[in-house]
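Peer 1: I'd like to ask some things about the structure below.
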Ligand SMILES: [Zn+2]
Ligand SMILES: [Zn+2]
């Protein structure tokens, strides 16, 4: 039993790709603060290991994604744009402070924290919904890193996980889900990711 527990702790503690050849590009949009980028880079490395991180020059959000009725940007259109910026197996994370949305069941235009395409290159994260109610900068950065790692998880092939507190749990539109997670994959997701052939 002790062995089982320590093995479990070991599985949770180490980054997943210790000798990784995976490349992840970070694409900031508009006025996204460069100071957040370092925290995001550290957070990705803590979760995914020594991946090759590329910081691309800042760009404007594509006008094709703008949704005038709500003054925000359609996330799936941002993903389409991001996908044109990289090739091969490189993943790309779009980062914006502006509000993003997608269609969610009966809601035609639903504001979201982020969106990642399953088993594909792009994902996008918005800080717009992470700063409400005077959150501390520490909590804000924790939220941002968890959401980046969650959306990256989708690009590595993961759908939502039913296990409580898993990084891949569906936030279901509430920041409480993000806050209660410790930012780790559950054992099942972790093993699946470690066995993933890239
Ligand atoms: Zn998700
Ligand atoms: Zn899981």
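Numbering (my numbering), first residue to last: 807 to 1004.
Ideal Cβ placement from N, Cα and C applies to all residues, glycine included.
Keep in mind it's a predicted model, so treat the numbers as computed, not measured.
1. How many Å lie between residue 914 and residue 979 at the Cα?
2. Going by CA-CA distance only, name the one from 945, 867, 982 that's closest to residue 883.
3. With DSSP as the reference, please indicate the residues paired to residue 829 in a beta bridge.
4. State the Cα-Cα distance for the pair residue 858 and residue 912, rounded to the nearest angstrom.
5. On the CB-based measure, 16 or more other CB atoms within 10 Å of its CB, does residue 944 come out buried or exposed?
6. Does the region 929–948 come close enough to the region 893–905 that 3 or more CB-CB pairs lie under 8 Å?
7. Measuring alpha carbon to alpha carbon, tell me which residue in 842, 879, 984, 896 is nearest residue 860.
8. Could you tell me the boundaries of the beta strand (DSSP E) in which residue 959 lies?
9. Which residues end up in the neighbourhood of ligand 2 when you take C-beta atoms closer than 6 Å to any of its heavy atoms?
10. Only counting the same chain, and skipping five residues up and downstream in sequence, which positions put a Cβ closer than 8 Å to that of residue 839?
11. Which word fits residue 850, buried or exposed, when buried means at least 16 other C-beta atoms lie within 10 angstroms of its C-beta?
12. Rounded to whole angstroms, what's the CA-CA distance from residue 967 to residue 976? Just pull it up for me.
13. Tell me which residue opens and which closes the alpha helix (DSSP H) that residue 895 is part of.
14. Can you list, in chain order, the residues of its chain with a C-beta nearer than 8 Å to that of residue 1066? Leave out the 5 residues immediately preceding and following it.
15. So, with DSSP's three-state summary, where would you put residue 842?
16. Would you report the Cα separation of residue 909 and residue 844, rounded to the nearest angstrom?
17. Please report how far the alpha carbon of residue 829 lies from the alpha carbon of residue 996, in whole angstroms.
Peer 2: On the basis of the coordinates in this document:
1. Inter-residue distance for residue 914 and residue 979 is about 14 Å (C-alpha atoms, whole angstroms).
2. Out of 945, 867, 982, 867 has the C-alpha closest to the C-alpha of residue 883.
3. Among the bridge pairs identified by DSSP, residue 829 is matched with 858.
4. Roughly 39 Å separates the two Cα atoms.
5. When all chains shown are included, residue 944 counts as exposed.
6. Pairwise C-beta distances place the region 893–905 in contact with the region 929–948, as three or more of them are shorter than 8 Å.
7. The shortest Cα separation from residue 860 among 842, 879, 984, 896 belongs to 896.
8. That residue, residue 959, is in no beta strand (DSSP E); its alpha helix (DSSP H) goes 943–961.
9. Listed along the chain, these residues meet the criterion: 967, 969, 972, 974, 991, 992, 994, 995.
10. Within the same chain, residue 839 has close Cβ partners 903.
11. Around the beta-carbon of residue 850, 16 or more other beta-carbon atoms lie within 10 Å, marking it buried.
12. Going from the Cα of residue 967 to the Cα of residue 976 covers about 7 Å.
13. Premise fails: residue 895 is in no alpha helix (DSSP H) and is neither H nor E.
14. No answer is possible for residue 1066: the residues shown for the chain start at 807 and end at 1004.
15. The answer is helix: DSSP assigns residue 842 an H, G or I state.
16. Each residue's Cα considered, the two are about 31 Å apart.
17. The C-alpha of residue 996 is placed about 19 Å away from the C-alpha of residue 829.
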